[in-house]
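**Q** Take this structure first; my questions come after.
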Amino acid sequence: MWLKLSFNLMENQLFIYNTLNRKKELFQPLHAPLAGMYVCGPTVYGDPHLGHARPAITFDILFRYLKHLGYKVRYVRNITDVGHLENDADEGDDKVAKKARLEQVEPMEVVQYYLNRYHQAMDALNVLPPSIEPHASGHIIEQIQLVKDILDKGYAYESEGSVYFDVEKYNKDYQYGKLSGRNIEELLNTTRKLDGQQEKRHSADFALWKKASPEHIMRWPSPWSNGFPGWHLECTAMSKKYLGEVFDIHGGGMDLVFPHHECEIAQSVASTGKDGVRYWMHNNMITINGQKMGKSLGNFITLEEFFTGKHPMLTQAYSPMTIRFFILQAQYRSTVDFSNEALLASEKGLSRLLEAFDNIENLKPSGQSSVNIQDLKAKCYEAMNDDLNTPIVISQLFEATKIINSTLAGQMNLSQENISELKNLFDLFLFDLLGVKNEQKDGNTSFDSFSKAVNLLLEMRMQAKINKDWAASDKIRNELTAAGFEIKDTKDGFEWKLNK
RNA sequence: GGUUCCUUGGCCGAGUGGCUAGGCACCGGUCUGCAAAACCGUCUACGGCGGUUCGAAUCCGCCAGGAACCUCCA
Numbered sequence: 024m025w026l027k028l029s030f031n032l033m034e035n036q037l038f039i040y041n042t043l044n045r046k047k048e049l050f051q052p053l054h055a056p057l058a059g060m061y062v063c064g065p066t067v068y069g070d071p072h073l074g075h076a077r078p079a080i081t082f083d084i085l086f087r088y089l090k091h092l093g094y095k096v097r098y099v100r101n102i103t104d105v106g107h108l109e110n111d112a113d114e115g116d117d118k119v120a121k122k123a124r125l126e127q128v129e130p131m132e133v134v135q136y137y138l139n140r141y142h143q144a145m146d147a148l149n150v151l152p153p154s155i156e157p158h159a160s161g162h163i164i165e166q167i168q169l170v171k172d173i174l175d176k177g178y179a180y181e182s183e184g185s186v187y188f189d190v191e192k193y194n195k196d197y198q199y200g201k202l203s204g205r206n207i208e209e210l211l212n213t214t215r216k217l218d219g220q221q222e223k224r225h226s227a228d229f230a231l232w233k234k235a236s237p238e239h240i241m242r243w244p245s246p247w248s249n250g251f252p253g254w255h256l257e258c259t260a261m262s263k264k265y266l267g268e269v270f271d272i273h274g275g276g277m278d279l280v281f282p283h284h285e286c287e288i289a290q291s292v293a294s295t296g297k298d299g300v301r302y303w304m305h306n307n308m309i310t311i312n313g314q315k316m317g318k319s320l321g322n323f324i325t326l327e328e329f330f331t332g333k334h335p336m337l338t339q340a341y342s343p344m345t346i347r348f349f350i351l352q353a354q355y356r357s358t359v360d361f362s363n364e365a366l367l368a369s370e371k372g373l374s375r376l377l378e379a380f381d382n383i384e385n386l387k388p389s390g391q392s393s394v395n396i397q398d399l400k401a402k403c404y405e406a407m408n409d410d411l412n413t414p415i416v417i418s419q420l421f422e423a424t425k426i427i428n429s430t431l432a433g434q435m436n437l438s439q440e441n442i443s444e445l446k447n448l449f450d451l452f453l454f455d456l457l458g459v460k461n462e463q464k465d466g467n468t469s470f471d472s473f474s475k476a477v478n479l480l481l482e483m484r485m486q487a488k489i490n491k492d493w494a495a496s497d498k499i500r501n502e503l504t505a506a507g508f509e510i511k512d513t514k515d516g517f518e519w520k521l522n523k
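Residue numbers (our numbering): 24 to 523.
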């Protein structure tokens, strides 16, 4: 184990883009072979949409790759179930509480319902569950302690039962805004005049603890009031609890850079004096007609709608693996624009890869070969090491596909060694690391008998062809095609697959 | 208005100075009873204008267009 570990870690130099300095940096965990990563999970008050799939899949790839490199990874992805206000200036309803009131159920029923839906969608997308999935509501004690710590250090103040982070004071001692590149002094100077009605000293201050209004149902006792924690607090408290005061990677969507992650840094530095996070990673947005797909814009399509095709903008249903592959065909820091055309292209491309993989077992080895599969593999590693450049990995798999198909067509020769290398390449990169599932074949126990029946029909068709009974032959093919099968004639017989 | 970033062929998307990914679509060919699939080939782009350089999609400047964040959003 140790030999393998050191080999992998030595051979692979993973560079990741760090939002803190906008550069690709060599990943060197604090306590190798341990690696810690924390990713902002969903606020569970609505169905997960395509946008939620992006960070989930992006950091799933990172999780898988780090493990493959030999790290012992602790992956924490939180569930926000309290404290996320729908409006802001730290005013307005809690998102979960509002939904609960509208649907006349317990807030935790809302949370459980949408969390289940989220898990189902992630499972369909073959996103591995994180090591720990902590709920904000389950860590109120830790959050209260964090507020106390920040108060003790003098970077927060109490105001009418609520506690706010003192951004101005913090900025004098440290630098608020270094992640997002914001010059907070300008902001402070230009917005100094408040109307005096507010509890906050300054509009840039953010809530650490909010006193609950009488009708607010989610509330906990604290030294300051019966209330609830501010949104930014949970991530700092829970990452510290499970990963330590300083840990390796923090991920999330780019839209969280400011204010959420900026505030996390401030909370961490204010309470412990240390920058909690060494590598900040942010995935870009999925757009629709060039605009961010988001809840507030109302232009989102839920994952279930993609899987069922039931949305006016969708011309068909798309399998979870199509969605996953579509997302992986773009580098995670690029925006990716949704369209039916693009999704359809991914669907076809993916099925071509999977067919090629299935055909590896049909390859006949021949003595001489001129291809170098190890070279493809090396390029895949190189791409993964370059800030998880999955589109390049995929392009290499298409190169492999070309080799497989050309060999099948008798235009190329592969040695037995080549063939097993190809199998290994797909197993490792397509299935293990990119996390694609071969859906048609996986775990379908009735598939065998089903296959036998289809094979029987097609054998009858072969017989008809030999008898030059084209009417019978075409009838079988046409009916099967109409039933959703795709039939191919080959040199020695036939192949078939079921579309969707 | 401030901060950050983007603009690549019909579409989606890689590519941080020379070796000009990949997918999908289209078209032509091979194969086939006819198809389909597969294979081969074709199409060779970098928003505009300047600059640096022997050489730029890639570096610099200006202009145009777009996006994200600056309120909640992955």
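We treat Cβ as the ideally placed atom computed from N, Cα and C, and that holds for glycine.
What residue from E518, V459 and S369 has the CA that sits closest to Q352's CA?
**A** Working through the first sequence from its first residue, we reach residue 352 at position 329. Per the Cα distances, S369.
**Q** Applying the criterion that 16 or more other CB atoms from any shown protein chain within 10 Å of the CB defines a buried residue, is H158 buried or exposed?
**A** Reading the first sequence from its first residue, position 135 is the one you call residue 158. Its Cβ being crowded by 16 or more others within 10 Å, H158 is buried.
**Q** Look up R97 in the DSSP assignment and give the residues it is bridged to.
**A** Counted from its first residue, the first sequence places residue 97 at position 74. R97 pairs with G59.
**Q** Can you tell me the Cβ-Cβ gap for H317 and G74, rounded? I've got them flagged as a contact below 8 Å.
**A** Position 294 of the first sequence, counted from the start, is the residue given in the question as residue 317. Position 51 of the first sequence, counted from the start, is the residue given in the question as residue 74. According to the sequence shown, residue 317 is Gly rather than His. Contact holds; Cβ gap of about 6 Å.
**Q** Would you mind giving the Cβ-Cβ distance between A55 and L89, rounded to the nearest angstrom? I have them listed as a contact below 8 Å.
**A** Taking the first residue of the first sequence as 1, we reach residue 55 at position 32. Taking the first residue of the first sequence as 1, we reach residue 89 at position 66. About 11 Å separates the two Cβ atoms, so there is no contact after all.
**Q** Rounded to whole angstroms, how far is the Cβ of E129 from the Cβ of A123, which I believe are closer than 8 Å?
**A** Indexing the first sequence from 1 puts residue 129 at position 106. Indexing the first sequence from 1 puts residue 123 at position 100. With a Cβ gap of about 6 Å, E129 and A123 count as contacting.
**Q** Taking the alpha-carbon positions, what's the A293 to I415 distance?
**A** Residue 293 sits at position 270 when you count from the first residue of the first sequence. Residue 415 sits at position 392 when you count from the first residue of the first sequence. About 41 Å.
**Q** Out of K488, Y404 and F380, state which residue places its alpha-carbon closest to the alpha-carbon of I442.
**A** Locating residue 442 in the first sequence gives position 419, counting from the first residue. With distances taken between Cα atoms, I442 lies closest to F380.
**Q** Whose C-alpha, out of M336, I288, Y141 and L411, is nearest the C-alpha of R87?
**A** In the first sequence, the residue the question calls residue 87 occupies position 64. Nearest option by C-alpha distance: L411.
**Q** Under 9 Å, do N50 and D271 count as touching if we go by C-beta distance?
**A** The residue given as residue 50 occupies position 27 in the first sequence. The residue given as residue 271 occupies position 248 in the first sequence. Reading off the sequence shown, one finds Phe at residue 50, where the question assumed Asn. Going by C-beta atoms, F50 is nearer than 9 Å to D271.
**Q** Consult DSSP for F508 and reduce its assignment to one of helix, strand or coil.
**A** Position 485 of the first sequence, counted from the first residue, corresponds to residue 508. Assignment of F508 by DSSP, reduced to helix, strand and coil, places it in the strand class.
**Q** Under 9 Å, do Q290 and L231 count as touching if we go by C-beta distance?
**A** Locating residue 290 in the first sequence gives position 267, counting from the first residue. Locating residue 231 in the first sequence gives position 208, counting from the first residue. In this structure, L231 lies closer than 9 Å to Q290 by Cβ.
**Q** DSSP state of F361, grouped into three classes?
**A** On the first sequence, position 338 is the one that residue 361 refers to. Strand at F361.
**Q** What's the gap between the Cα of D228 and the Cα of T345?
**A** For this step, residue 228 is matched to residue 205 along the first sequence. For this step, residue 345 is matched to residue 322 along the first sequence. If you draw a straight line from the Cα of D228 to the Cα of T345, it comes to about 43 Å.
**Q** Whole-angstrom Cβ separation of Y137 and D189, contact assumed at under 8 Å?
**A** As a first step, residue 137 must be located in the first sequence, where it is residue number 114. As a first step, residue 189 must be located in the first sequence, where it is residue number 166. The pair is not a contact, with the Cβ atoms about 34 Å apart (cut-off 8 Å).
**Q** Check the DSSP bridge columns for W519 and list the partner residues they point to.
**A** What you label residue 519 is simply residue 496 of the first sequence in a count that begins at 1. Its beta-bridge partners are I510.
**Q** Can you look up K498 in the DSSP assignment and give me helix, strand or coil?
**A** Locating residue 498 in the first sequence gives position 475, where the first residue counts as 1. Helix.
**Q** May I ask which residues mark the beginning and end of the beta strand (DSSP E) holding K192?
**A** By one-based count along the first sequence, residue 192 stands at place 169. For K192, no beta strand (DSSP E) run applies; the uninterrupted alpha helix (DSSP H) run containing it begins and ends at V190 to D196, by DSSP.
**Q** From which residue to which residue does the alpha helix (DSSP H) around R77 run?
**A** Reading the first sequence from its first residue, position 54 is the one you call residue 77. Start and end: L73 to H91.
**Q** Closer than 8 Å is the cut-off here; do at least three beta carbon pairs connect the region 429-439 with the region 472-489?
**A** The answer is no - the region 472-489 does not touch the region 429-439, with fewer than three Cβ pairs under 8 Å.
**Q** Identify every residue that forms a DSSP beta bridge with G250.
**A** For the purposes of this step, residue 250 is taken as residue 227 along the first sequence, with counting starting at 1. Answer by DSSP bridge pairing, in chain order: K234 and W243.
**Q** Should the region 444-458 be called in touch with the region 394-407, which here means at least 3 C-beta pairs below 8 Å?
**A** yes
**Q** Looking at C-beta atoms only, is the number of pairs between the region 302-319 and the region 271-280 that lie closer than 8 Å three or more?
**A** Because the criterion of three Cβ pairs below 8 Å is met, the region 302-319 and the region 271-280 touch.
**Q** Run through DSSP, which three-state label would R356 get?
**A** The residue given as residue 356 occupies position 333 in the first sequence. Reduced to three states, the DSSP call for R356 is coil.
**Q** For the beta strand (DSSP E) containing R205, list its first residue and its last residue.
**A** For the purposes of this step, residue 205 is taken as residue 182 along the first sequence, with counting starting at 1. R205 -> no beta strand (DSSP E), and no H or E assigned at all.
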